[in-house]
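These protein sequence lines are chains A and B, in that order.
Letter by letter, the first sequence follows residues 561 to 735 in the numbering used here.
Letter by letter, the second sequence follows residues 1269 to 1690 in the numbering used here.
So the structure is just underneath, and the comments pick up after that.
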Amino acid sequence: MSMRRIVAGAALTLVVLTGAAAAQGPNLGKPISEEDVASWDISIGPDGKGLPPGGGTVKQGEAVFMAKCQACHGSKGAGQPNDRLVGGQGTLASDRPIKTVGSYWPYATTLFDYIRRAMPLYESKSLTSDEVYSVTAYLLNLNGIIPDSESINAQTLPKVTMPNRNGFVVFSRGE
Amino acid sequence: MEEKYRAETEPVAGNGLLHRRIFLAGGAAAAGAATIAGRSEATPLPVESWMKIPGAPFNGYGQPSKYENKVVRTLASAPGTGGTGVSRTPHHLLSGMITPSGLHYERSHSGIPDIDPSAHRFVIHGLVKRALEFTLDDLGRYPMESRIAFLECAGNSGALFQKEPVQANIQAIHGLLSCQEWTGIRLATLLQEAGVEPQAKWLLAEGADAAGMSRSVPIEKAMDDAMIALYQNGERVRPSNGYPMRLLLPGFEGNMNVKWLRRIKLTEGPTMTKDETSKYTILLPSGKALQFVFPLEAKSMITHPSPGLTLRGPGFYEISGLAWSGYGKIAKVEVSADGGKSYGVAALQEPVLPKALTRFRMAWQWNGAPAVLQSRSTDETGYVQPSRAQLIALRGDRGGFHNNMVQSWAVSASGEVQNVYA
Chain A
561 MSMRRIVAGA ALTLVVLTGA AAAQGPNLGK PISEEDVASW DISIGPDGKG
611 LPPGGGTVKQ GEAVFMAKCQ ACHGSKGAGQ PNDRLVGGQG TLASDRPIKT
661 VGSYWPYATT LFDYIRRAMP LYESKSLTSD EVYSVTAYLL NLNGIIPDSE
711 SINAQTLPKV TMPNRNGFVV FSRGE
Chain B
1269 MEEKYRAETE PVAGNGLLHR RIFLAGGAAA AGAATIAGRS EATPLPVESW
1319 MKIPGAPFNG YGQPSKYENK VVRTLASAPG TGGTGVSRTP HHLLSGMITP
1369 SGLHYERSHS GIPDIDPSAH RFVIHGLVKR ALEFTLDDLG RYPMESRIAF
1419 LECAGNSGAL FQKEPVQANI QAIHGLLSCQ EWTGIRLATL LQEAGVEPQA
1469 KWLLAEGADA AGMSRSVPIE KAMDDAMIAL YQNGERVRPS NGYPMRLLLP
1519 GFEGNMNVKW LRRIKLTEGP TMTKDETSKY TILLPSGKAL QFVFPLEAKS
1569 MITHPSPGLT LRGPGFYEIS GLAWSGYGKI AKVEVSADGG KSYGVAALQE
1619 PVLPKALTRF RMAWQWNGAP AVLQSRSTDE TGYVQPSRAQ LIALRGDRGG
1669 FHNNMVQSWA VSASGEVQNV YA
């Protein structure tokens, strides 16, 4: 028997044993329905699947922003004391790149996902879906990505094309 | 004896670097003899009070000596927050390969949650045959394994991208790095029980913190060596490191090792969370950015000497430091005392483990003249840690993350050490 065959045989045995071990594993997880996971299932990918009902306008978003976001992110998202959210388009290749929602973020769905899960810092997960949609609309509008009249909801959000949508290259080792 | 001493202190590179065999049995004695020869006469030994009266009683959880109260993390938080930021490990004050649990670096996005372990739930769902919910008690009954692994923030050492060398110590520059023994359950075991659907190529891992920190992880990594860690250095994971459980992805950038893990969702593609798009991506001079740069490449740094650890006159010193690679084991560390003109091979302290910190040592006879110390690691894949110029030529200086360039420490004639570019 060649060495290669012995190694292949050993690998096969290992696979079989691993399979058996999994079948005989503790299996202590309790089955849970997607309905019961729903309150935690807040991640939204680029396809927008799972976005909640509701929606909001740029104007409504301006009011939410002024009440809940401006203290940290500045008037019209200009930044200070915390992250700048607006502007910077065209600066990424310069000596002083300015990374904002408008200049850097590749997907509008990320904005909804992140605001809903993490903002405002001291009251995360407190905004209604309408408030999250509207403040998303406001930030997209401040960045010149959607017009004043646009509404953002589960249908329109995934269709928004961000300026830096094609700005990313998937890494492979050696780059 | 004379001949043996010469052999053991054989120079291997410029400016006083000595062969690593000095660290083998017998060699240290020769080095010790060389050091002692230069010292002044001793005075009669005092009998101190602690030698005569009983010491303190036992206590439930031990603490370091009160004389070690400067061995602490340094803290930096975002404006208006207390727990959104980082704390850094003081590598210049530590030795060995294991970081004490209380000195493990931290990066948190909305403070440290106070999680009741009896109320904590962990859920696997999405593209699986059956979604499963686990309690901490459930998970405690699974077969476990331990491994020693480093964690490093992708932003560690980012200060070395600045145009001028910052006057800061190793804690400030390289402190977002730690290494511990982690014990827990192979994630693959739990995923197999849930039954991963064939179209699931990624998973989203999410924390129970107020920021709901979340990252996408390729399924290959999840099925390879990913762990649900319940213990660090033998005790339950500390709150600041993810109590009661965290994801451990050995070798991958720290941000992906999601703390306070509450949910894993199997998905077809990456979710494109805030951190994997707008934050932990590497902006290149072209304006394009590298995305999904997961393992940390081979890197090393000299911890002793380093800024703040002033040399006390010419003579023998052990140069010591840490090397690591997210792709496997460290194969070799080279040290230079002349700014990279010549290198000698350092001794590697066993055990040398994959994706763990490795301690290296180099003997140095300092002649008292200015010197520039560097270390350069090579991992088992053959990758060699780049110089500052090489890394900047490859990626520019605005990428911010995954900075693994060679660190240079200048030693002045008075023995002071500072960060320089060489």
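Glycine included, each C-beta is placed from N, C-alpha and C at the ideal position.
Open item on the list: Strictly below 9 Å CB to CB, what residues from chain A border Phe-1402 (chain B)?
Closed with: Residue mapping note: residue 1402 (chain B) aligns to position 134 of the second sequence, counting from 1. Neighbours of Phe-1402 (chain B) on chain A, chain order: Leu-588, Gly-589, Lys-590.
TODO: Please specify which runs of the alpha helix (DSSP H), each continuous and at least 4 residues long, are wholly inside the segment 630-690 of chain A, giving them in chain order.
DONE: Fully enclosed alpha helix (DSSP H) runs of 4 or longer: 630-633, 668-678.
Open item on the list: Between Arg-644 (chain A) and chain B, is the shortest Cβ-Cβ distance under 9 Å, so that the two count as touching?
Closed with: As a position in the first sequence, residue 644 (chain A) is number 84, starting the count at 1. By this cut-off, Arg-644 (chain A) is not an interface position.
TODO: Tell whether a beta-carbon distance below 9 Å holds between Arg-1530 (chain B) and His-1388 (chain B).
DONE: Within the second sequence, residue 1530 (chain B) is the residue found at index 262, counting from 1. Within the second sequence, residue 1388 (chain B) is the residue found at index 120, counting from 1. Going by C-beta atoms, Arg-1530 (chain B) is nearer than 9 Å to His-1388 (chain B).
Task: Proximity of Leu-1210 (chain B) and Ser-603 (chain A) at Cβ, strictly below 9 Å - done: With chain B represented from 1269 up to 1690, any question about residue 1210 (chain B) goes unanswered, as that position is not in the structure.
- [ ] To the nearest angstrom, report how far apart Gly-585 (chain A) and Asp-1492 (chain B) are at their CA atoms.
- [x] Counting from one through the first sequence, the residue named residue 585 (chain A) turns up at place 25. Counting from one through the second sequence, the residue named residue 1492 (chain B) turns up at place 224. Rounded to whole angstroms, Gly-585 (chain A) to Asp-1492 (chain B) spans 18 Å at the Cα level.
Open item on the list: Within a Cβ cutoff of 7 Å, which residues of the same chain sit near Pro-657 (chain A), ignoring the five residues on either side of it in sequence?
Closed with: The sequence position of residue 657 (chain A) within the first sequence is 97, counting from 1. If we look at Pro-657 (chain A) and ignore the five residues flanking it on each side, its Cβ neighbours are Thr-651.
TODO: Please confirm whether Tyr-1447 (chain B) and Val-1354 (chain B) have their CB atoms less than 9 Å apart.
DONE: Translated into positions along the second sequence, residue 1447 (chain B) becomes position 179. Translated into positions along the second sequence, residue 1354 (chain B) becomes position 86. The sequence given here places Cys at residue 1447 (chain B); Tyr does not occur at that position. Cβ distance not < 9 Å, so Cys-1447 (chain B) and Val-1354 (chain B) don't count as in contact.
- [ ] Taking 8 Å as the threshold, find out whether the segment 1599-1619 of chain B comes into contact with the segment 1532-1539 of chain B through three or more Cβ pairs.
- [x] The segment 1599-1619 of chain B makes no contact with the segment 1532-1539 of chain B: fewer than 3 CB pairs, one atom from each, lie closer than 8 Å.
Task: Stretch pair the segment 1546-1562 of chain B + the segment 1452-1462 of chain B: three plus CB contacts closer than 8 Å - done: In this structure the segment 1546-1562 of chain B does not lie against the segment 1452-1462 of chain B, because fewer than three pairs of beta carbons, one per stretch, are closer than 8 Å.
TODO: Measure from the alpha carbon of Gly-1423 (chain B) to the alpha carbon of each residue in B:Val-1601, B:Val-1688, B:Asn-1672, then state which is nearest.
DONE: Looking up residue 1423 (chain B) in the second sequence gives position 155. Comparing alpha carbon positions, the residue from B:Val-1601, B:Val-1688, B:Asn-1672 closest to Gly-1423 (chain B) is B:Asn-1672.
TODO: Return the bridge partner residues of Trp-1677 (chain B) from the DSSP annotation.
DONE: Position 409 of the second sequence, counted from the start, is the residue given in the question as residue 1677 (chain B). Trp-1677 (chain B) pairs with B:Leu-1641, B:Asn-1687.
Open item on the list: Output needed in chain order: residues of the segment 1389-1400 of chain B with a Cβ under 8 Å from some Cβ in chain A.
Closed with: Contact residues of the segment 1389-1400 of chain B toward chain A are Val-1391, Ile-1392, His-1393, Arg-1398, Ala-1399, Leu-1400 (C-beta to C-beta distance below 8 Å).
- [ ] Tell me whether Ser-1604 (chain B) sits in a helix, a strand or coil according to DSSP, three-state version.
- [x] By one-based count along the second sequence, residue 1604 (chain B) stands at place 336. Ser-1604 (chain B) falls in the strand class under three-state DSSP.
Task: Cα-Cα separation between Ala-1599 (chain B) and Gln-1617 (chain B), rounded to whole angstroms - done: Translated into positions along the second sequence, residue 1599 (chain B) becomes position 331. Translated into positions along the second sequence, residue 1617 (chain B) becomes position 349. Distance between the alpha carbons of Ala-1599 (chain B) and Gln-1617 (chain B): 12 Å.
TODO: Look at Trp-1528 (chain B) and Ala-1494 (chain B) and say whether their C-beta atoms are less than 9 Å apart.
DONE: By one-based count along the second sequence, residue 1528 (chain B) stands at place 260. By one-based count along the second sequence, residue 1494 (chain B) stands at place 226. Against a cut-off of 9 Å, the Cβ pair of Ala-1494 (chain B) and Trp-1528 (chain B) comes out as no contact.
Open item on the list: Do Ala-1490 (chain B) and Arg-1398 (chain B) have their beta-carbon atoms positioned less than 9 Å apart in this structure?
Closed with: The residue you call residue 1398 (chain B) lines up with position 130 of the second sequence. The residue you call residue 1490 (chain B) lines up with position 222 of the second sequence. Cβ distance not < 9 Å, so Arg-1398 (chain B) and Ala-1490 (chain B) don't count as in contact.
Open item on the list: Rounded to the nearest angstrom, what separates Asn-713 (chain A) and Asp-1647 (chain B) at their Cα positions?
Closed with: Here residue 713 (chain A) refers to the residue found at position 153 when the first sequence is read from its first residue. Here residue 1647 (chain B) refers to the residue found at position 379 when the second sequence is read from its first residue. Annotation: Asn-713 (chain A) to Asp-1647 (chain B) spans about 49 Å, alpha carbon to alpha carbon.
Open item on the list: For Val-1526 (chain B) and Glu-1474 (chain B), which I take to be in contact (beta-carbon distance under 8 Å), what is that distance rounded to the nearest angstrom?
Closed with: In the second sequence, the residue the question calls residue 1526 (chain B) occupies position 258. In the second sequence, the residue the question calls residue 1474 (chain B) occupies position 206. Confirmed, Cβ separation roughly 7 Å.
- [ ] Identify every residue that forms a DSSP beta bridge with Lys-1567 (chain B).
- [x] Position 299 of the second sequence, counting from 1, holds the residue named residue 1567 (chain B). Its beta-bridge partners are B:Trp-1592.
Open item on the list: What ranges does the beta strand (DSSP E) occupy inside the segment 583-629 of chain A, keeping only unbroken runs of at least 3 residues that lie completely in it?
Closed with: 615-617, all fully within the segment 583-629 of chain A.
Task: Gly-1408 (chain B), enclosing alpha helix (DSSP H) - first and last residue - done: Walking along the second sequence from the start, residue 1408 (chain B) turns up at place 140. From DSSP, the alpha helix (DSSP H) with Gly-1408 (chain B) extends over 1404-1408.
Open item on the list: Can you tell me where the beta strand (DSSP E) holding Arg-1415 (chain B) begins and where it ends?
Closed with: Along the second sequence, read from residue 1 onward, the residue named residue 1415 (chain B) stands at position 147. Secondary structure note for Arg-1415 (chain B): its beta strand (DSSP E) is the uninterrupted segment 1413-1420.
Task: Proximity test, Cβ basis, 9 Å: Arg-1514 (chain B) and chain A - done: Within the second sequence, residue 1514 (chain B) is the residue found at index 246, counting from 1. Not an interface residue.
Task: Outcome for Thr-1311 (chain B) when other beta-carbon atoms lying within 10 angstroms are tallied against a minimum of 16 - done: Position 43 of the second sequence, counting from 1, holds the residue named residue 1311 (chain B). Result: exposed.
TODO: Would you mind reading off the limits of the alpha helix (DSSP H) that contains Ile-1496 (chain B)?
DONE: For the purposes of this step, residue 1496 (chain B) is taken as residue 228 along the second sequence, with counting starting at 1. DSSP places Ile-1496 (chain B) outside any alpha helix (DSSP H); the residue lies instead in the beta strand (DSSP E), whose first and last residues are 1495-1500.
Task: Proximal residues to Thr-554 (chain A) (C-beta, below 6 Å), its chain only, five neighbours per side dropped - done: This structure does not reach residue 554 (chain A), given that chain A is present from 561 up to 735, and the question cannot be answered.
Open item on the list: Considering only their Cβ atoms, is the gap separating Val-1603 (chain B) from Gln-1642 (chain B) smaller than 9 Å?
Closed with: Locating residue 1642 (chain B) in the second sequence gives position 374, where the first residue counts as 1. Locating residue 1603 (chain B) in the second sequence gives position 335, where the first residue counts as 1. A contact, by the Cβ cut-off of 9 Å.
Task: Nearest to Lys-659 (chain A) (by Cα), restricted to the options B:Asp-1384, B:Gly-1667, B:Asn-1687 - done: Your numbering for residue 659 (chain A) matches position 99 in the first sequence. Distance from the Cα of Lys-659 (chain A) is smallest, within the candidate group B:Asp-1384, B:Gly-1667, B:Asn-1687, for B:Gly-1667.
Task: Interfacial residues, the segment 1473-1489 of chain B to chain A, with Cβ spacing under 7 Å - done: Those would be Glu-1474, Ala-1478, Ala-1479, Gly-1480, Ser-1482, in chain order.
Open item on the list: Using a 10 Å radius around the Cβ and a threshold of 16 neighbouring Cβ atoms, would you call Ala-1479 (chain B) buried or exposed?
Closed with: For this step, residue 1479 (chain B) is matched to residue 211 along the second sequence. Around the CB of Ala-1479 (chain B), 16 or more other CB atoms lie within 10 Å, so the residue is classed as buried.
Open item on the list: Judging by CA-CA distance, which residue of A:Gln-649, A:Gly-648, A:Gln-630, A:Ala-653 is the nearest neighbour of Asn-642 (chain A)?
Closed with: The count along the first sequence starts at 1 and reaches residue 642 (chain A) at position 82. Ranked by Cα distance from Asn-642 (chain A), the first of A:Gln-649, A:Gly-648, A:Gln-630, A:Ala-653 is A:Gln-630.
Task: Assumed close pair Leu-700 (chain A), Ala-668 (chain A) - CB separation to whole angstroms, cut-off 8 Å - done: Residue 700 (chain A) sits at position 140 when you count from the first residue of the first sequence. Residue 668 (chain A) sits at position 108 when you count from the first residue of the first sequence. That pair is a contact at about 6 Å.
Task: Residues from the segment 691-710 of chain A in contact with chain B, defined by Cβ distance under 9 Å - done: Against chain B - using a Cβ distance shorter than 9 Å - the segment 691-710 of chain A contributes no residues.
Task: Within chain A, partners of Ala-1346 (chain B) - CB distance below 7 Å - done: Working through the second sequence from its first residue, we reach residue 1346 (chain B) at position 78. Chain A residues near Ala-1346 (chain B): Asn-642.
Task: Secondary structure of Arg-725 (chain A), DSSP reduced to three states - done: One-based indexing of the first sequence puts residue 725 (chain A) at position 165. Residue state, collapsed to three classes: coil.
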